[in-house]
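Trainee: Position one of the sequence shown corresponds to residue 3 (this note's numbering), numbered consecutively onward.
Got a structure for you, questions after.
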Amino acid sequence: MNYFWVLSGKRIKQIAVLVVALFFAAGIFYAEKKNIQVFLPVETGPEAIYSVNTDKKQVALTFDISWGEERAGPILDVLEQKGLKKATFFLSSPWAESHPDIVKRIVDMNYEIGSHGHRHDNYSTYSEQKIREQISKADHILTKLTGKKPNLIRFPNGDFDKRVLRIADSLGYTTIQWDTDSLDWMNPGKDKIVQRVVSKAHPGDIILMHASDSCRQTHEALPEIIDKLRDKGYEFVTVSELIAGAKVKTNPVE
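Here it is in structure tokens:
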């Protein structure tokens with residue numbers, strides 16, 4: 003008498019999965035016995051964006067503001083005089099709350115606004131609860147002042163870790179860094195700021211500048227930076243426009 007095993011498609015799939023699982027487990031056991039490293043896929047999670055890989059001669063000019071009222075106005079004057087209609091401002095919420103008139107001018111000039119957090123501190127030193135509180139508090143204040151919820155954030159001092167990135171992402175934020183630091187915060191002199199930015203700028207670049215009172219030479223360097231980059235064929239865009247659908251450059255985070 004002949005016997006036949008009849009297996010359904012579902013049963014075959016179950017057996018196949020079991021065989022693969024046993025094979026994989028045996029491989030790990032063998033590797034452990036032989037002291038061989040086994041590499042498994044790693045979920046990297048959200049990352050900070052530094053620039054964009056592109057051949058288009060586009061750059062994003064960005065300004066951080068955390069305190070003072072004397073420098074932002076002259077910088078906005080320069081942008082207006084030069085007809086530069088695309089820039090991104092990262093505002094700390096305490097500063098924004100104290101200077102609603104300047105915030106309104108930035109909004110009225112249609113510049114992009116991102117969050118610079120609440121307290122100007124290193125968020126990587128905070129507990130997860132405090133990180134969330136700081137981002138959320140800034141979010142509430144900036145949304146109220148501008149009438150629009152920001153979706154970009156640049157953390158104070160450019161400081162963050164994986165927890166900060168993950169929490170920011172969960173709150174709807176993309177973390178933005180920079181590839182060219184103007185070093186205007188060091189007040190090295192107008193010419194050095196111009197030379198540094200113009201020499202380092204590249205297609206897809208995110209340029210860091212400041213509009214806080216501690217940076218006393220930014221508004222002096224800005225007209226020449228704009229002129230020289232335009233002479234090189236560069237177009238100024240917002241950060242959101244730069245990164246939209248583009249291949250971005252990120253760096254590993256501890």
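Even glycine gets a Cβ: it sits at the ideal position worked out from N, Cα and C.
None of the values given here were measured: they were computed from a predicted structure.
1. Measure the alpha-carbon distance for Thr252 versus Ile108 and round it to whole angstroms.
2. Apply the 10 Å Cβ neighbour rule to Thr127 and answer buried if 16 or more other Cβ atoms are within range, or exposed otherwise.
3. Please classify Asn124: does DSSP put it in a helix, a strand, or coil?
4. Can the beta-carbon of Ile133 be found closer than 8 Å to that of Ile169?
5. Given this structure, state the Cα-to-Cα distance separating Met188 from Ala74, to the nearest angstrom.
6. Where do the ends of the beta strand (DSSP E) carrying Ile208 lie?
7. Of the choices Thr46, Gly47, Tyr52, whose alpha-carbon is the least far from that of Lys249?
8. Here's the rule: buried if 16 or more other CB atoms are within 10 angstroms of the residue's CB, otherwise exposed. What is Ile38?
9. Give me the residue from His204, Asp193, Val200 with the minimum Cα distance to Glu222.
10. Threshold first: 4 residues or longer. Then list the alpha helix (DSSP H) segments lying entirely within the segment 30-111, N to C.
11. Do Asp207 and Thr176 have their C-beta atoms closer together than 8 Å?
12. Since Ser117 is in the beta strand (DSSP E), which residue starts that stretch and which ends it?
13. By the DSSP assignment, the beta strand (DSSP E) with Val250 in it spans what residues?
14. For the segment 171-245, list the beta strand (DSSP E) runs that are entirely contained and at least 3 residues long, ordered along the chain.
15. Per DSSP, which one or two residues make a beta bridge with Ile155?
16. Under a three-way DSSP split, which group does Val166 fall into?
17. Would you call Glu72 buried or exposed, if buried means 16 or more other Cβ atoms sit within 10 Å of its Cβ?
18. Tell me whether Lys150 sits in a helix, a strand or coil according to DSSP, three-state version.
19. So His120 and Gln136 are supposed to be a Cβ contact under 8 Å. How far apart are they, rounded?
20. If you draw a straight line from the alpha carbon of Gln179 to that of Leu154, how long is it in whole angstroms?
21. Straight-line CA distance for Ile245 to Thr56?
22. Which same chain residues, not among the five before or five after Glu130, have their C-beta less than 7 Å away from its C-beta?
23. Going by beta-carbon coordinates alone, are Leu210 and Val80 separated by less than 8 Å?
24. Could you say which of Ser216, Val199, His212 lies nearest to Val61 if we only look at CA atoms?
Mentor: With the structure as the only source:
1. Here residue 252 corresponds to residue number 250 of the sequence shown, with the count starting at 1. Here residue 108 corresponds to residue number 106 of the sequence shown, with the count starting at 1. Cα to Cα, Thr252 sits roughly 28 Å from Ile108.
2. Here residue 127 refers to the residue found at position 125 of the sequence shown. Counting Cβ neighbours within 10 Å, Thr127 comes out exposed, since fewer than 16 surround it.
3. The residue you call residue 124 lines up with position 122 of the sequence shown. Looking at Asn124 - three-state DSSP - the assignment turns out to be coil, as it is neither helix nor strand.
4. Walking along the sequence shown from the start, residue 133 turns up at place 131. Walking along the sequence shown from the start, residue 169 turns up at place 167. A contact, by the Cβ cut-off of 8 Å.
5. On the sequence shown, residue 188 is found 186 positions in, with the first residue counted as 1. On the sequence shown, residue 74 is found 72 positions in, with the first residue counted as 1. Cα-Cα distance, rounded: 17 Å.
6. Here residue 208 refers to the residue found at position 206 of the sequence shown. 207-212 is the extent of the beta strand (DSSP E) around Ile208.
7. In the sequence shown, residue 249 corresponds to position 247, counting from 1. Closest option to Lys249, Cα to Cα, is Tyr52.
8. Working through the sequence shown from its first residue, we reach residue 38 at position 36. Reliability fails at Ile38, whose pLDDT of 32 lies under 50, so the model's placement of it is uncertain and no value is given.
9. As a first step, residue 222 is located in the sequence shown; it is residue number 220 there, counting from the start. When only C-alpha atoms are compared, the closest one is Asp193.
10. Listed in chain order, they are 74-83, 95-100, 102-110.
11. As a first step, residue 207 must be located in the sequence shown, where it is residue number 205. As a first step, residue 176 must be located in the sequence shown, where it is residue number 174. Taking a C-beta distance under 8 Å as the contact criterion, Asp207 and Thr176 do not qualify as a contact pair.
12. By one-based count along the sequence shown, residue 117 stands at place 115. It spans 114-117 - the beta strand (DSSP E) in which Ser117 sits, taken as one unbroken run.
13. In the sequence shown, counting from the first residue as 1, residue 250 sits at position 248. Unbroken beta strand (DSSP E) run through Val250: 249-251.
14. 207-212, 237-239
15. By one-based count along the sequence shown, residue 155 stands at place 153. The partner list for Ile155 (beta bridge, DSSP) reads Ser117, Thr177.
16. Taking the first residue of the sequence shown as position 1, residue 166 is located at position 164. Here Val166 sits in helix by DSSP.
17. For the purposes of this step, residue 72 is taken as the residue at position 70 of the sequence shown. By the 10 Å Cβ count, Glu72 comes out exposed.
18. On the sequence shown, position 148 is the one that residue 150 refers to. Coil, per DSSP.
19. Position 118 of the sequence shown holds residue 120. Position 134 of the sequence shown holds residue 136. Sure, about 5 Å apart at Cβ, within 8 Å.
20. Here residue 179 corresponds to residue number 177 of the sequence shown, with the count starting at 1. Here residue 154 corresponds to residue number 152 of the sequence shown, with the count starting at 1. Looking at the two C-alpha atoms, the distance is approximately 10 Å.
21. In the sequence shown, the residue the question calls residue 245 occupies position 243. In the sequence shown, the residue the question calls residue 56 occupies position 54. Whole-angstrom Cα-Cα distance: 10 Å.
22. Residue mapping note: residue 130 aligns to position 128 of the sequence shown, counting from 1. So the qualifying residues of the chain are Arg165, Ile169.
23. Your numbering for residue 210 matches position 208 in the sequence shown. Your numbering for residue 80 matches position 78 in the sequence shown. No.
24. Against the sequence shown, residue 61 aligns to sequence position 59. Restricting attention to Ser216, Val199, His212, the CA atom closest to the CA of Val61 is found in Val199.
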